[in-house]
Amino acid sequence: MIALAGNPNSGKTTAFNHYTGARQHVGNYPGITVEKKEGTAHLDGRNIILVDLPGTYSLTAYSLEEVVARKVLAEERPGAVIDVLNAGVLNRNLYLSVQLLELGMPIVLALNMMDEAESQGLKVNIKRLEELTGIKCFPCVARNGNGLTDALRAAVELAEESKGRVAPLEISYGNDLDIALKEMTPLVEDAQLLTDFYPARWVALKFLENDAEVMERCQKANPEVREKLTAIVERVTHHLKSTLDTYPEAMIADYRYGWISSVLKNGVLENVEEVFARADFSDKADKVLTHRVAGPLVLLAVLYFLYFVTIEIGNYPLGWLETFFGWFSDKVGGAVSSPGLRSLLCDGVIAGVGGVLGFVPLIMIMFFFISILEDSGYMARVAYMMDRIFRIFGLHGASIMPFIISGGIAGGCAVPGVMATRTLRSPKERLATILTVPFMMCGAKIPVFLLFVGVFFNKHQALNMFLFTLAGWAAALLVALGLRRTIIKGKATPFVMELPPYRVPLASGVVIHTLERTWQYIKKAGTVILAISILIWAAMSYPGVPAEKEKEIETQVAAIEADLSLSAEDKAARINEIENSDESSRLANSYAGRLGRFLEPVTSLAGFDWQTNIALIGGVMAKEVVITTLGTAYALGSVEDDDAPLKDKIANDPHWNANSANTMAFLVFTLLYSPCFVTLLVIKQESGKWRWTFFSLFFNLALAFLAAVAVKQVLG
Ligand code: GDP
Ligand code: MG
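The structure is reproduced here in structure tokens:
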């Protein structure tokens with residue numbers, strides 16, 4: 100087994116995908132790969148297991164990624180590690196390499212992004228670097244695969260030679276710490292504290308670095324020795340504090356960087372000063388794009404533009420698909436003779452799922468632009484700018500990625516969003532993030548908004564989508580603030596983020612991301628949403644109307660047929676009227692209809708009629724279901740116009756068109772109410788407690804309902 104390690108954003112996943120043919124998500128921002136991923140590479144006719152580790156700056160247990168990476172390295176013991184570095188910032192990237200060497204890992208260095216480094220005028224003397232470190236180094240461009248095969252081959256050879264362990268690197272940490280380490284190392288060795296996994300000096304070093312995980316494990320294994328070790332640490336800490344006004348951790352970092360810079364200045368980087376003196380394109384661009392005033396304005400413009408283009412272009416194919424589904428429903432209706440089956444197919448499946456699938460072109464265009472934003476490095480700037488705002492609301496800078504993944508810009512999903520909170524170190528800040536990401540405009544809410552905004556805010560579609568997205572943010576931030584002031588009080592922790600340089604996105608990468616995400620949307624519509632739609636169709640179709648009622652209607656129809664005083668046209672119109680009212684009373688009498696009507700006295704405060712209630716209840720399973728349910732309700736509730744597009748039916752329904760307060764209240768509710776079923780489960784998984792799942796469910800419902808009632812009452 101060979102592992103890929105490196106700082107976030109150094110190109111590990113790109114390399115991993117190249118080696119294994121996998122299509123893991125690559126993004127130009129940190130924190131994407133939290134879990135390790137495994138795959139198989141083929142080299143010289145052999146299969147090699149590869150592991151893509153989460154990106155880390157260090158191997159001290161300060162964050163979850165670091166713990167994951169370290170655990171894999173120490174306990175699963177890869178034969179060798181390919182350390183992927185961004186060659187442009189070797190000085191910082193080598194920090195992790197030093198720690199891998201201290202751990203006794205056999206490593207080869209893949210100096211990645213050589214294309215960029217070279218275009219910046221950086222010259223790396225690979226030979227010299229190999230001489231000084233004793234490690235094999237390979238210039239690479241992971242994007243097109245250059246150099247990767249050589250690096251892998253060297254890693255495999257190294258794994259065979261070394262059997263997974265080499266003598267650990269021991270660098271000096273200055274007189275005080277070296278003495279302490281000399282004293283501590285034999286203690287660790289004699290007690291065999293974690294020495295199955297780690298070199299003894301490394302364990303001692305972790306005590307000096309205040310590594311909670313290592314200390315805890317030692318406490319369990321041997322409390323006595325741990326006590327002794329801690330006593331030594333306390334002694335040097337005190338000494339360093341009083342003599343140099345510094346801490347062991349800081350000292351250790353200084354010496355590691357010192358070691359690195361002595362290597363680099365020793366002929367590895369030939370023109371360091373010259374390169375760093377020149378402000379490159381990214382720096383210049385950032386002067387504007389992350390400027391205190393201009394930055395946020397640009398961000399808002401980008402978000403607006405995203406919706407504008409999506410809607411401008413997307414509305415054409417949207418119309419074609421509507422026509423297609425109408426035609427298709429017509430054809431299916433004509434071909435199926437059994438009324439039950441016909442209703443299932445036309446009213447349940449096509450009217451339901453078709454409504455969601457109709458938005459595929461829009462979703463695809465949106466994902467296209469989002470992929471470009473991600474790959475270009477702009478998303479990282481968004482995070483950087485939002486950090487300033489987040490602090491005010493008791494969230495952490497690292498909360499941004501979860502928000503963006505959940506749909507902060509548009510069209511994400513709270514499920515991976517909640518999982519992405521693992522990068523947060525403080526449990527309280529993490530919990531506040533978990534509980535507020537579901538307010539974002541996720542990909543499932545998007546079609547609901549597009550539908551209604553398309554019907555009722557025709558002139559300002561993009562503007563309204565934009566404003567609703569901002570409303571989601573406002574809700575999330577205010578709720579976070581409330582939570583951090585009340586039930587999850589706690590201190591704020593600092594945040595450092597490295598901004599990757601801007602890059603022209605790779606065309607193939609953008610296309611792959613767009614197609615992948617679009618396919619996921621389609622797949623969800625074709626599986627989960629389809630299944631739920633059928634269930635809801637059944638709940639809306641049964642138990643039907645009582646037999647006497649059916650009889651009565653038949654008699655009425657027969658009476659009209661027999662009435663000689665009516666013209667044929669009048670007859671048809673009257674029969675139609677009776678049948679229509681029959682259909683809607685059938686829907687009202689169904690199980691779902693009864694539930695919807697049961698709630699109506701309360702929900703009417705927010706302007707929701709019973710049909711809306713059914714749709715919103717369905718939406719707890721998955722937000723797209725709001726649309727499928729409305730589609731089915733309209734298809735079941737009348738006999739005519741079965742294949743007119745849902746948007747026309749909504750446009751002609753007085754419940755919506757005669758009262759904009761109903762529409763607004765409905766949309767506000769949809770934005771804020773309970774996370775969908777899967778998100779609720781993930782909240783339990785990530786927070787560890789059902790309590791927070793129920794909190795999310797009921798608190799968000801109550802909040803959404805109050806907001807909707809307020810909107811309805813104010814707008815009338
Ligand atoms: P990870 O965080 O280490 O997994 O990094 P990723 O594989 O997600 O890559 C981060 C960004 O760097 C993506 O936008 C890649 O397209 C880009 N990238 C990766 N390798 C190269 C390279 O060799 N040259 C250039 N110019 N960009 C690269
Ligand atoms: Mg990655």
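Each number in our numbering comes from the position in the sequence shown (counting from 1) with 99 added on.
Built from N, CA and C at the ideal position, the CB exists for glycine as well.
Quick caveat: nothing in here was measured; it's all calculated off a predicted structure.
Please determine whether the Cβ atom of residue 602 lies at a distance below 7 Å from any heavy atom of ligand 1. Taking the first residue of the sequence shown as 1, we reach residue 602 at position 503. Relative to ligand 1, the nearest heavy atom lies less than 7 Å away from the CB of residue 602.
Alpha carbon of residue 809 to alpha carbon of residue 705, nearest angstrom: Position 710 of the sequence shown, counted from the first residue, corresponds to residue 809. Position 606 of the sequence shown, counted from the first residue, corresponds to residue 705. Linking residue 809 to residue 705 through their CA atoms gives a straight-line distance of about 8 Å.
Check: residue 212 C-beta below 7 Å from any heavy atom of ligand 1: Counting from one through the sequence shown, the residue named residue 212 turns up at place 113. Yes, ligand 1 has a heavy atom inside 7 Å of this Cβ.
Limits of the beta strand (DSSP E) - the one that residue 206 falls within: Locating residue 206 in the sequence shown gives position 107, counting from the first residue. Segment 206-211, the beta strand (DSSP E) holding residue 206.
Within the segment 615-644, note down every full alpha helix (DSSP H) run reaching 4 residues or more, in order along the chain. Runs found: 629-640.
Roughly how many angstroms separate the alpha carbons of residue 400 and residue 344, rounded to a whole number? Translated into positions along the sequence shown, residue 400 becomes position 301. Translated into positions along the sequence shown, residue 344 becomes position 245. Cα to Cα, the separation comes out at about 47 Å.
Rounded to a whole number of angstroms, what is the C-alpha to C-alpha distance between residue 794 and residue 758? Position 695 of the sequence shown holds residue 794. Position 659 of the sequence shown holds residue 758. C-alpha separation (whole angstroms): 32 Å.
Verify the contact flag: residue 381, CB atom, against every heavy atom of ligand 1, threshold strictly below 7 Å. If you number the sequence shown from 1, residue 381 lands on position 282. Relative to the non-hydrogen atoms of ligand 1, the Cβ of residue 381 never comes closer than 7 Å to any of them.
Short check: CB of residue 518 to CB of residue 777, under 8 Å? Against the sequence shown, residue 518 aligns to sequence position 419. Against the sequence shown, residue 777 aligns to sequence position 678. Going by C-beta atoms, residue 518 is not nearer than 8 Å to residue 777.
Run of the beta strand (DSSP E) containing residue 292, from where it starts to where it stops: Counting from one through the sequence shown, the residue named residue 292 turns up at place 193. Residue 292 -> no beta strand (DSSP E), and no H or E assigned at all.
Where does residue 436 land, buried or exposed, given buried means 16+ other C-beta within 10 angstroms? Against the sequence shown, residue 436 aligns to sequence position 337. Exposed.
Whole beta strand (DSSP E) runs in the segment 412-466 with 3 or more residues, listed along the chain? Whole beta strand (DSSP E) segments, 3+ residues: zero.
Starting from the C-beta of residue 355, find all residues in its chain whose C-beta is less than 8 Å away, skip the five residues before and the five after it, and write them out in chain order. Counting from one through the sequence shown, the residue named residue 355 turns up at place 256. So the qualifying residues of the chain are 194, 197, 198 and 270.
Scan the segment 143-170 and note each continuous beta strand (DSSP E) run of 3 residues or more that stays entirely inside, going in chain order. If you keep only unbroken beta strand (DSSP E) runs of at least 3 residues inside the segment 143-170, you get 145-151.
How would you call residue 128, buried or exposed, if buried means at least 16 neighbouring beta carbons within 10 angstroms? Mapped onto the sequence shown, residue 128 falls at position 29. Per-residue confidence for residue 128 stands at a pLDDT of 47, beneath the threshold of 50, marking its modelled position as unreliable; no derived number is given.
State yes or no: is the C-beta of residue 223 within less than 8 Å of the C-beta of residue 216? Along the sequence shown, one-based indexing puts residue 223 at 124. Along the sequence shown, one-based indexing puts residue 216 at 117. Yes, Cβ-Cβ distance for residue 223 and residue 216 is below 8 Å.
Based on DSSP bridge pairs, tell me the residues matched to residue 101. By one-based count along the sequence shown, residue 101 stands at place 2. DSSP output for residue 101 lists 149 and 179 as bridge partner(s).
Rounded C-alpha distance that separates residue 131 from residue 681: As a first step, residue 131 must be located in the sequence shown, where it is residue number 32. As a first step, residue 681 must be located in the sequence shown, where it is residue number 582. Note on residue 131: pLDDT 46, under 50, position unreliable in the model; no value is reported.
Give me whichever residues DSSP pairs with residue 140 in a beta bridge. On the sequence shown, position 41 is the one that residue 140 refers to. Paired residues: 147.
So, under 8 Å CB-CB, residue 179 and residue 258 are touching, yes? Tell me the CB distance rounded to an integer number of Å. As a first step, residue 179 is located in the sequence shown; it is residue number 80 there, counting from the start. As a first step, residue 258 is located in the sequence shown; it is residue number 159 there, counting from the start. Contact between residue 179 and residue 258 holds, since their C-beta atoms are separated by about 4 Å, short of 8 Å.
Pairwise C-alpha distance: residue 149 and residue 113: Within the sequence shown, numbered from 1, the residue matching residue 113 stands at position 14. Within the sequence shown, numbered from 1, the residue matching residue 149 stands at position 50. C-alpha separation (whole angstroms): 13 Å.
How many angstroms separate the CA atom of residue 461 from the CA atom of residue 566? Counting from 1 along the sequence shown, the entry for residue 461 is found at position 362. Counting from 1 along the sequence shown, the entry for residue 566 is found at position 467. Roughly 18 Å separates the two Cα atoms.
Residue 129, DSSP secondary structure in three states: As a working note, residue 129 is residue 30 in the sequence shown. Low per-residue confidence applies at residue 129: pLDDT is 45, beneath 50, and the placement is therefore not dependable, though the value from the model is reported in the following sentence. Residue state for residue 129 is assigned as coil, using DSSP reduced to three classes.
Quick check: residue 624 and residue 452, are their CB atoms within less than 8 Å of each other? Along the sequence shown, read from residue 1 onward, the residue named residue 624 stands at position 525. Along the sequence shown, read from residue 1 onward, the residue named residue 452 stands at position 353. Contact flag set, yes.
Got a sec: is the Cβ-Cβ distance from residue 335 to anything in chain D below 8 Å? The structure shown contains no chain D; it holds only a single protein chain.
Should residue 112 be listed as close to ligand 1, given that the test is whether its C-beta is under 7 Å from any heavy atom? Within the sequence shown, residue 112 is the residue found at index 13, counting from 1. Residue 112: yes, Cβ under 7 Å from ligand 1.
Nearest to residue 156 by CA position, among 191, 147, 187 and 170, is which residue? Locating residue 156 in the sequence shown gives position 57, counting from the first residue. Considering only alpha carbons, the answer is 191.
So who's on the other strand from residue 245, going by DSSP bridges? Within the sequence shown, the letter at position 146 stands for residue 245. According to DSSP, residue 245 bridges with 240.
Just to confirm my understanding: we take residue 333, look at its own chain, exclude 5 residues before and 5 after, and list those with CB closer than 8 Å. What are they? The residue given as residue 333 occupies position 234 in the sequence shown. Residues of the same chain with their beta carbon placed closer than 8 Å to that of residue 333 are lacking, with the five preceding and five following residues left out of the count.
Quick one: Cα of residue 769 to Cα of residue 115, how far? Counting from one through the sequence shown, the residue named residue 769 turns up at place 670. Counting from one through the sequence shown, the residue named residue 115 turns up at place 16. For the pair residue 769 and residue 115, the Cα-to-Cα distance works out to about 39 Å.
Kindly examine ligand 1 and report whether one of its heavy atoms sits closer than 7 Å to the Cβ of residue 183. Walking along the sequence shown from the start, residue 183 turns up at place 84. Residue 183: yes, Cβ under 7 Å from ligand 1.
Where residue 762 and residue 556 are concerned, what is the direct C-alpha to C-alpha distance, given to the nearest angstrom? Mapped onto the sequence shown, residue 762 falls at position 663. Mapped onto the sequence shown, residue 556 falls at position 457. Those two C-alpha atoms are separated by around 10 Å.
With three or more C-beta pairs closer than 8 Å as the rule, is the segment 281-292 touching the segment 359-370? Contact between the segment 359-370 and the segment 281-292 is absent, with fewer than three C-beta pairs closer than 8 Å.
Which residue from 539, 710 and 540 puts its Cα closest to that of residue 695? Along the sequence shown, one-based indexing puts residue 695 at 596. Just measuring C-alpha positions, the residue of 539, 710 and 540 sitting nearest residue 695 is 710.
Backbone CA spacing between residue 302 and residue 230 [nearest angstrom]: Translated into the one-based positions of the sequence shown, residue 302 becomes position 203. Translated into the one-based positions of the sequence shown, residue 230 becomes position 131. Computed Cα separation, rounded: 28 Å.
Contiguous alpha helix (DSSP H) assignments of at least 4 residues, all confined to the segment 651-707: Whole alpha helix (DSSP H) segments, 4+ residues: 667-688 and 690-702.
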